Amino acid sequence: MSSKTVNQNAWWLVLPVFIMVAFNALIPLMTVVNYSVQESFGNNEFFWSGTIWFEQLLEDDQFRSSLLRQISFTSIVLFIQVPLGLGIALCMPRKGPWVSVCLVLMALPLLVPWNVVGSMWNIMALPDIGLLGKGLNALGIPFNYTRQPISAWFTVVLMDVWHWTSLVVLLCYAGLVSIPDAYYQAAKVDGAKPWAVFRFIQLPKLKHVLTIAILLRFMDSFMIYTEVIVLTGGGPGSATKFLSIDLVQKALGGFDLGPAAAMSIVYFLIILLTSWLFYTLMMRNEAQ
Amino acid sequence: MAKITLQNLRHSYNPEPKGEEDYALKRMSLDWADGGAYALLGPSGCGKTTLLNLISGLLIPTEGQILFDGRDISNTTPERRNIAQVFQFPVIYDTMTVYDNLAFPLRNRGMGEAEVDKRVREIAEMLDLSRTLQNRASGLTADGKQKISLGRGLVRSDVNVIMFDEPLTVIDPHLKWQLRSKLKELHQRIRRTMIYVTHDQTEALTFADQVVVMNNGEVVQTGTPIDLFERPMHTFVGHFIGSPGMNVMPCEVKGGQATFAGHSVQTVNARNYKGKGQKLEIGVRPEFVSFAKTGIPVDIVKVADAGRYRIVETRAANSSIKLLVPDGDHIPVGKTHLAFDATRTQIYENGWMVGVRP
Numbered sequence: 010m011s012s013k014t015v016n017q018n019a020w021w022l023v024l025p026v027f028i029m030v031a032f033n034a035l036i037p038l039m040t041v042v043n044y045s046v047q048e049s050f051g052n053n054e055f056f057w058s059g060t061i062w063f064e065q066l067l068e069d070d071q072f073r074s075s076l077l078r079q080i081s082f083t084s085i086v087l088f089i090q091v092p093l094g095l096g097i098a099l100c101m102p103r104k105g106p107w108v109s110v111c112l113v114l115m116a117l118p119l120l121v122p123w124n125v126v127g128s129m130w131n132i133m134a135l136p137d138i139g140l141l142g143k144g145l146n147a148l149g150i151p152f153n154y155t156r157q158p159i160s161a162w163f164t165v166v167l168m169d170v171w172h173w174t175s176l177v178v179l180l181c182y183a184g185l186v187s188i189p190d191a192y193y194q195a196a197k198v199d200g201a202k203p204w205a206v207f208r209f210i211q212l213p214k215l216k217h218v219l220t221i222a223i224l225l226r227f228m229d230s231f232m233i234y235t236e237v238i239v240l241t242g243g244g245p246g247s248a249t250k251f252l253s254i255d256l257v258q259k260a261l262g263g264f265d266l267g268p269a270a271a272m273s274i275v276y277f278l279i280i281l282l283t284s285w286l287f288y289t290l291m292m293r294n295e296a297q
Numbered sequence: 015m016a017k018i019t020l021q022n023l024r025h026s027y028n029p030e031p032k033g034e035e036d037y038a039l040k041r042m043s044l045d046w047a048d049g050g051a052y053a054l055l056g057p058s059g060c061g062k063t064t065l066l067n068l069i070s071g072l073l074i075p076t077e078g079q080i081l082f083d084g085r086d087i088s089n090t091t092p093e094r095r096n097i098a099q100v101f102q103f104p105v106i107y108d109t110m111t112v113y114d115n116l117a118f119p120l121r122n123r124g125m126g127e128a129e130v131d132k133r134v135r136e137i138a139e140m141l142d143l144s145r146t147l148q149n150r151a152s153g154l155t156a157d158g159k160q161k162i163s164l165g166r167g168l169v170r171s172d173v174n175v176i177m178f179d180e181p182l183t184v185i186d187p188h189l190k191w192q193l194r195s196k197l198k199e200l201h202q203r204i205r206r207t208m209i210y211v212t213h214d215q216t217e218a219l220t221f222a223d224q225v226v227v228m229n230n231g232e233v234v235q236t237g238t239p240i241d242l243f244e245r246p247m248h249t250f251v252g253h254f255i256g257s258p259g260m261n262v263m264p265c266e267v268k269g270g271q272a273t274f275a276g277h278s279v280q281t282v283n284a285r286n287y288k289g290k291g292q293k294l295e296i297g298v299r300p301e302f303v304s305f306a307k308t309g310i311p312v313d314i315v316k317v318a319d320a321g322r323y324r325i326v327e328t329r330a331a332n333s334s335i336k337l338l339v340p341d342g343d344h345i346p347v348g349k350t351h352l353a354f355d356a357t358r359t360q361i362y363e364n365g366w367m368v369g370v371r372p
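Sequence order for the protein chains is C and V.
The first sequence begins at 10 in the working numbering and counts up by one.
The second sequence begins at 15 in the working numbering and counts up by one.
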């Protein structure tokens with residue numbers, strides 16, 4: 010007979026973590042799920058409403074257009090930030106006193122609070138007193154981000170590129186310096202041109218950090234809120250009303266708890282699914 | 015294929031070297047014949063990789079010239095020198111197949127696909143890589159990857175020299191032996207000049223026709239494995255090569271006669287000693303020491319079994335002397351006497367064999 014005693018008391022040790030996770034993730038999420046399938050007329054009374062909010066949401070033109078705006082914005086910033094970040098990382102010095110100077114300069118935008126970033130660009134892009142706004146107008150380019158959607162988009166994208174390209178740079182730089190010298194030496198001996206060194210050594214070795222960089226940038230840009238609300242407030246009209254702004258307006262402005270909850274869940278699932286799909290596709294060949 | 019000449023070569027990693035100690039590689043001149051197999055042997059940090067990188071062009075020498083077939087190539091790029099190098103850790107291009115890896119150096123030089131295909135298949139055949147040609151290179155084992163590195167060096171038919179920088183470091187012990195024999199076989203087949211850097215005496219002695227032993231940035235001896243064993247020019251070579259290393263004991267030399275612990279010892283070169291009274295040592299390998307009825311009195315300290323022979327450690331006048339005794343031979347207990355083979359016993363002055371350096 011086995012003399013091993015079974016003692017389940019250790020489960021108590023997991024309890025603190027369980028409570029923490031419950032309070033900061035499970036309970037809020039389940040509340041949202043609850044809201045998304047019920048209707049309320051106040052007084053804390055709720056009625057079952059099935060999938061009606063989800064059906065409504067998918068037919069909702071406003072949701073569709075903010076989703077489309079969101080996808081366009083994320084695609085544009087990814088297409089700019091990833092190549093630009095990689096390019097800057099490639100140009101940065103690998104040794105010498107300039108390394109720390111470059112790293113600190115690169116890290117600066119990441120340290121600025123998000124609403125400050127919004128305010129900075131808001132003031133800078135003002136057509137009458139801002140350096141950027143006034144400068145562009147002085148060059149003869151009509152620029153007014155509070156009136157023209159194009160100007161507003163230009164400013165929002167520029168702000169995001171300024172704020173977040175550094176993250177891609179730092180990740181790529183870390184990846185680049187970890188490539189052993191022998192690879193570059195072998196490439197020299199093999200007579201590889203700079204493009205071949207990039208294509209066959211640097212890019213493959215950066216695959217993992219680039220995957221992480223793209224994932225982080227995708228998730229963050231898809232959820233962008235603070236900077237845009239401070240800069241344009243979603244305007245002019247609803248030209249820069251991204252998903253998060255739309256959601257906040259629904260949830261807090263209209264107090265439509267049910268539709269807002271349904272939208273939150275769809276929003277969350279889009280990010281989750283896209284990230285999972287991207288990561289799985291990128292890592293598919295690793296297992297072989 | 016080329017004859018390699020190093021003329022007064024010297025290198026420092028310090029851009030403004032002040033004294034001799036700033037030089038990672040002390041001044042040296044060497045001649046390597048076309049098609050030879052050479053080994054650079056020495057402990058870590060002795061400058062052998064520096065020398066290798068100077069020859070391959072990854073470093074530009076501070077002073078001196080490197081000549082390939084009499085042409086000065088000291089300041090040209092690795093690509094221009096047309097050399098091949100295999101590194102300590104296998105370098106492969108992860109995203110390419112084995113085939114594309116081998117074809118890479120040829121395609122970079124603009125060779126036509128038909129010719130590339132012929133060369134790649136020939137080399138793959140030589141290295142037993144034919145079956146995995148279409149596999150992704152990143153999926154191979156360490157020895158497979160190292161074979162690809164080697165293959166990229168062999169695939170160009172016109173390389174001047176192929177260099178190996180401790181290529182077997184990450185290879186499993188049982189595969190080391192296989193790869194080493196493969197290298198030797200390849201050298202005999204293609205007769206390309208090969209330089210092999212290692213700190214492992216077995217690798218150096220089995221691979222090379224000529225071994226260059228380095229220590230502290232300078233060449234201590236160049237010679238065939240047998241030279242290094244029978245006539246170490248420096249006590250360092252005596253210690254570094256052979257297992258156990260050479261016995262080195264302090265001695266005195268007067269009138270062309272060496273004495274150790276009060277007994278005169280017959281040596282090869284004591285009569286060449288000019289008598290300047292600096293540090294003098296006697297060197298004799300354990301293989302050339304034997305028990306005798308008369309001679310140097312010693313105490314037996316330890317006997318270690320090393321398979322077919324035993325290593326006996328003895329002590330005389332504060333010096334330890336080791337000797338090898340074939341298995342089954344009688345080993346006396348306690349006090350006994352030793353004799354040295356006079357033709358294999360040398361006198362060293364400040365580490366260098368007397369009569370070699372002034």
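Cβ atoms here follow ideal geometry from the backbone N, Cα and C, with glycine treated the same way.
What you are looking at is a predicted structure, and each value in this text was computed from that prediction instead of being measured.
{"Query": "Under the three-state DSSP convention, the category Tyr-288 (chain C) falls into", "Result": "helix"}
{"Query": "Reduced DSSP secondary structure (H/G/I, E/B, other) of Pro-298 (chain C)", "Result": "Outside the shown range of chain C (10 to 297) lies residue 298 (chain C), about which nothing can therefore be said."}
{"Query": "Cross-chain neighbours of Ala-201 (chain C) in chain V, by beta carbon under 8 Å", "Result": "Phe-118, Asn-122"}
{"Query": "CB of Gly-50 (chain V) within 8 Å of CB of Gln-224 (chain V), strictly", "Result": "yes"}
{"Query": "Proximal chain V residues relative to Lys-104 (chain C), where beta-carbon distance stays under 7 Å", "Result": "By Cβ distance, chain V contributes nothing, its closest Cβ being about 13 Å from Lys-104 (chain C), past 7 Å."}
{"Query": "Cα-Cα separation, Pro-372 (chain V) to Gly-237 (chain V)", "Result": "In this predicted model, Pro-372 (chain V) has a pLDDT of only 44, less than 50, meaning its place in the structure is not dependable; the value taken from the coordinates is given anyway. One C-alpha to the other measures close to 20 Å."}
{"Query": "Counted within 10 angstroms of its Cβ, other Cβ atoms place His-25 (chain V) as buried (16 or more) or exposed", "Result": "buried"}
{"Query": "Run of the alpha helix (DSSP H) containing Gly-369 (chain V), from where it starts to where it stops", "Result": "No alpha helix (DSSP H) contains Gly-369 (chain V), which DSSP labels as neither H nor E."}
{"Query": "As assigned by DSSP and simplified to three states, the class of Val-173 (chain V)", "Result": "coil"}
{"Query": "Residue of C:Pro-92, C:Ile-233, C:Ala-248, C:Ala-191 minimising C-alpha distance to Cys-181 (chain C)", "Result": "C:Pro-92"}
{"Query": "Cutoff 8 Å: Arg-166 (chain V) Cβ touching any chain C Cβ", "Result": "yes"}
{"Query": "Any chain V beta carbon closer than 8 Å to Lys-197 (chain C)", "Result": "yes"}
{"Query": "When C:Ser-187, C:Leu-179, C:Ile-132 are compared against Met-168 (chain C), the one with the closest alpha-carbon", "Result": "C:Ile-132"}
{"Query": "Element boundaries [beta strand (DSSP E), containing Leu-168 (chain V)]", "Result": "First-last for Leu-168 (chain V): 156 to 168, but that is the alpha helix (DSSP H), not the beta strand (DSSP E)."}
{"Query": "Closer than 7 Å: Gly-270 (chain V) CB and nearest the ligand ATP heavy atom", "Result": "With respect to the ligand ATP, the structure shown offers nothing to examine, as it has no ligands at all."}
{"Query": "Residue burial classification, Ser-187 (chain C) (beta-carbon count within 10 angstroms, cutoff 16)", "Result": "exposed"}
{"Query": "Buried or exposed by the 16-neighbour rule on C-beta atoms within 10 Å, applied to Met-292 (chain C)", "Result": "exposed"}
{"Query": "Asp-319 (chain V): first and last residue of the uninterrupted alpha helix (DSSP H) it sits in", "Result": "It is not in any alpha helix (DSSP H) - Asp-319 (chain V) instead sits in the beta strand (DSSP E) that spans 310 to 319."}
{"Query": "Sub-8 Å separation of Leu-182 (chain V) and Leu-193 (chain V) beta-carbons", "Result": "yes"}
{"Query": "Reference Phe-103 (chain V), options V:Lys-62, V:Asp-45, V:Gln-160, closest by Cα", "Result": "V:Gln-160"}
{"Query": "Length of the line joining the Cα atoms of Pro-29 (chain V) and Ala-38 (chain V)", "Result": "12 Å"}
{"Query": "Amino acids of chain V, ordered along the chain, whose beta-carbon sits closer than 8 Å to that of Ile-210 (chain C)", "Result": "Tyr-107"}
{"Query": "Members of the segment 27 to 60 of chain V that neighbour chain C once the beta carbon cut-off is set at 9 Å", "Result": "none"}
{"Query": "Residue-level contact to chain V via CB, Pro-189 (chain C), 8 Å cutoff", "Result": "yes"}
{"Query": "Same chain, Cβ closer than 6 Å to Leu-141 (chain V), five either side skipped, listed in chain order", "Result": "Lys-161, Gly-165"}
{"Query": "is_contact[Gln-297 (chain C), chain V] using C-beta, thresh 8 Å", "Result": "Any reading at Gln-297 (chain C) is ruled out, since the residue's pLDDT is 48, under 50, leaving its predicted position unreliable."}
{"Query": "Members of the segment 89 to 102 of chain V near chain C, C-beta cut-off 8 Å", "Result": "Thr-91, Pro-92, Glu-93, Ile-97, Ala-98, Gln-99, Phe-101, Gln-102"}
{"Query": "Residue environment, Phe-101 (chain V), which counts as buried when at least 16 other CB atoms sit within 10 Å", "Result": "buried"}
{"Query": "DSSP three-state assignment for Trp-301 (chain V), whether helix, strand or coil", "Result": "Rather than Trp, the amino acid found at residue 301 (chain V) in this sequence is Glu. It is helical."}
{"Query": "Straight-line gap, Ile-89 (chain C) to Phe-207 (chain C) (C-alpha atoms, nearest Å)", "Result": "19 Å"}
{"Query": "CB contact check: Leu-294 (chain V) to chain C, cutoff 8 Å", "Result": "no"}
{"Query": "Ordered list of beta strand (DSSP E) runs contained in the segment 17 to 53 of chain C, each at least 3 residues", "Result": "47 to 49"}
{"Query": "For Gly-153 (chain V) and Gln-297 (chain C), the rounded distance between their alpha carbons", "Result": "In this prediction, Gln-297 (chain C) scores a pLDDT of 48, lower than 50, which makes its location untrustworthy; the coordinate-derived value is nonetheless stated afterwards. Between Gln-297 (chain C) and Gly-153 (chain V), the C-alpha separation is close to 7 Å."}
{"Query": "Cα-Cα separation, Ser-45 (chain C) to Phe-251 (chain C)", "Result": "21 Å"}
{"Query": "For Asn-303 (chain C), the three-state DSSP class (helix, strand or coil)", "Result": "Residue 303 (chain C) falls outside the range modelled here, since chain C spans only 10 to 297, and no answer is possible."}
{"Query": "Local conformation of Phe-103 (chain V) per DSSP, three classes", "Result": "coil"}
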